[in-house]
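Protein chains in written order, with the numbering used here: chain R, 108 to 248; chain G, 85 to 220; chain U, -18 to 54.
Beta carbons: idealized from backbone N, C-alpha and C, even for Gly.
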Amino acid sequence: MFAAKQSDLTPAQRAHIRRTLWLLLAYAVVLPPLVWLQAHRHVGHTLSLLMAVAASLPLLGIFASWGRYLSDERDEYHQALTLRRIAIATNTTMGAAVVWGFLQAFGVMPLFETYWIPFIWVVMQGAFGCIAVLSRGRAGA
Amino acid sequence: MSMNPAMNRYNWRVIWLSLVYAAFLLTAVYCFKHQLLHGVIAYVAAILPALPIIGIFGAMGRYLLEEEDEYVRMLMVRQSLWASGFALSVATIWGFLESFNLVEHVDAYSVAIVWFVGLGVGSLMNKLTLGASVKC
Amino acid sequence: MLMENRLRVLRAERSWSQQDLAERLEVSRQSVNAIETGKYDPSLPLAFRIAELFDLPIEEIFVSPARRSSKAI
């Protein structure tokens, strides 16, 4: 995610990665039973609502973790780098969502549920990490 | 209060882009309603309204680069972060509500609207935490 | 945003690696590299910490951008 050697990670980065891993674990544990219940049992309205919120929470937690990282990070350069990455990821994700949304609306492409949008955003952050690791020669910008 | 040049430029760009958006959208809606388009042209016509919206995000990015007052820029960066977090969170929740059949499908381009609403959220958070915010 | 600075020279005089300087400043090695190569301008508090570390005024480490552009005359 931060594209550095293990030893190069700042404390704030370590904390963020730790939080993210726990949240992803929670997500992987919570989601399958909910999906199964929805598919195989009749679930009432209120319970469905609670389930949808429960499924969302780990992802919302990951976004909150990014916010926490930005305020925790004492190294201003890493802070600035991360801000840039978030801006690029957000712009790209929003752009893709807008394009796809119109293609959908005009019946040119199939529908998809909107939680894919944050999924793309998270994947982009990971992609940044991979790109920077692969181009190790540069100073990790 | 006089607005600074970077903010002025941003506002002008948004106005122009909104007009282009309206033009592209109305054209596309008309064409699709009357089934005038097929094949590649259909794709192009469907994508055209998206481009000015992407342009508005780009204008926001340009503004953040052009703003010379670092304090105002800092406020705006924070508001943008809140906007992004807000939009991503709403998209997440709505997506799950939708897949659990609790709400109806909303086209994905609405996330852009939510992002701009999120700027208002950010402005509020700035007022609460820093005592100042940027109106845009 | 390339701000000239003498950080590399000052660091070499003390035989410090970028990692050494980073530890003393309590920042990452990447930060030190970015500042030295002019890719990133330090904030005011960080600039003061750097100056105090080398026991020099800020202006003797970082070249003020305004001054630099007037050298072109």
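Checklist entry - Which two residues bound the contiguous alpha helix (DSSP H) that contains Gln11 of chain U? => result Arg10 to Glu17
Checklist entry - Does the Cβ of Asp22 of chain U have 16 or more other Cβ atoms within 10 Å, making it buried, or fewer, making it exposed? => result buried
Item to check | DSSP-derived helix/strand/coil call for Phe184 of chain G | outcome: coil
Checklist entry - Name the DSSP beta bridge partners of Ala109 of chain R, please? => result Per the sequence presented here, residue 109 of chain R reads as Phe, with Ala not at that position. None; Phe109 of chain R has no bridge partner.
Next on the checklist: Rounded to whole angstroms, what is the Cα-Cα separation between Leu116 of chain R and Leu149 of chain G?
Outcome noted: 28 angstroms
Next on the checklist: Output needed in chain order: residues of the segment -10 to 17 of chain U with a Cβ under 8 angstroms from some Cβ in chain R.
Outcome noted: Glu7, Val8, Ser9, Arg10, Gln11, Ser12, Asn14, Ala15 and Ile16
Next on the checklist: Tell me which residues of the segment 180 to 191 of chain R have at least one Cβ-Cβ distance to chain U shorter than 9 angstroms, keeping chain order.
Outcome noted: Arg181, Asp182, Glu183, Tyr184, His185, Ala187 and Leu188
Checklist entry - Measuring CA to CA, which of G:Val174, G:Leu103, G:Val104 and G:Phe116 is closest to Ile197 of chain G? => result G:Val174
Item to check | the segment 19 to 44 of chain U: positions lying closer than 8 angstroms to chain R by Cβ | outcome: Lys20, Tyr21, Pro23, Ser24 and Leu27
Next on the checklist: Determine, for Phe109 of chain R, whether the minimum Cβ-Cβ distance to residues of chain G falls below 8 angstroms.
Outcome noted: no
Item to check | Interface flag, Tyr176 of chain R vs chain G, CB-CB below 8 angstroms | outcome: no
Next on the checklist: Tell me the DSSP secondary structure of Asn95 of chain G in three-state form.
Outcome noted: helix
Item to check | Arg125 of chain R classed as buried or exposed, judged by whether at least 16 other C-beta atoms fall within 10 angstroms | outcome: exposed
Checklist entry - Rounded C-beta distance between Arg(-13) of chain U and Ile42 of chain U? I'm assuming under 8 angstroms. => result 6 angstroms
Next on the checklist: For Tyr176 of chain R, report the span of its alpha helix (DSSP H) as first-last.
Outcome noted: His152 to Asp179
Checklist entry - Is the distance from the Cβ of Glu180 of chain R to the Cβ of Leu27 of chain U below 8 angstroms? => result no
Checklist entry - Is there a Cβ from chain U that is less than 8 angstroms from the Cβ of Gly244 of chain R? => result Note that Gly244 of chain R scores a pLDDT of 45, beneath 50, so its modelled location is shaky and nothing firm can be said.
Item to check | Residues that DSSP places opposite Asn69 of chain U in a beta bridge | outcome: In this structure chain U extends from -18 to 54, so residue 69 of chain U is not present and cannot be described.
Item to check | Per-residue contacts from Val137 of chain R into chain A (C-beta, under 9 angstroms) | outcome: Note that chain A does not occur in the displayed structure, where the protein chains are R, G and U.
Next on the checklist: Strictly below 7 angstroms CB to CB, what residues from chain R border Trp178 of chain G?
Outcome noted: Thr221
Checklist entry - With 16 as the cutoff for other CB atoms within 10 Å, does Val230 of chain R come out buried or exposed? => result exposed
Checklist entry - Is Val218 of chain G closer than 8 angstroms to Thr221 of chain R when the C-beta atoms are compared? => result no
Checklist entry - Just checking my contact of Leu131 of chain R with Leu186 of chain G at CB under 8 angstroms: how many whole Å lie between their CB atoms? => result With 8 angstroms as the limit, Leu131 of chain R and Leu186 of chain G do not qualify as a contact, their Cβ atoms being about 24 angstroms apart.
Item to check | Nonlocal neighbours in the same chain, by C-beta distance under 6 angstroms from Arg(-8) of chain U, ignoring five residues either side | outcome: Leu2
Checklist entry - Do the segment 121 to 134 of chain G and the segment 208 to 221 of chain R make contact, defined as three or more Cβ pairs closer than 8 angstroms? => result yes
Item to check | Within chain U, the residues that Thr117 of chain R reaches when beta carbons sit closer than 8 angstroms | outcome: Ser9
Item to check | Beta-carbon neighbours of Ala112 of chain G, restricted to chain R and to distances below 7 angstroms | outcome: Phe213
Checklist entry - Where does Glu154 of chain G sit, in a helix, a strand or coil, going by DSSP? => result helix
Item to check | Within chain G, the residues that Ile193 of chain R reaches when beta carbons sit closer than 8 angstroms | outcome: Leu165 and Ser168
Next on the checklist: Tell me which residue opens and which closes the alpha helix (DSSP H) that Phe200 of chain G is part of.
Outcome noted: Ser194 to Leu214
Checklist entry - Three-state secondary structure (DSSP) at Leu2 of chain U? => result helix
Item to check | Given 8 angstroms, three or more beta-carbon pairs between the segment 165 to 174 of chain R and the segment 137 to 149 of chain G | outcome: no
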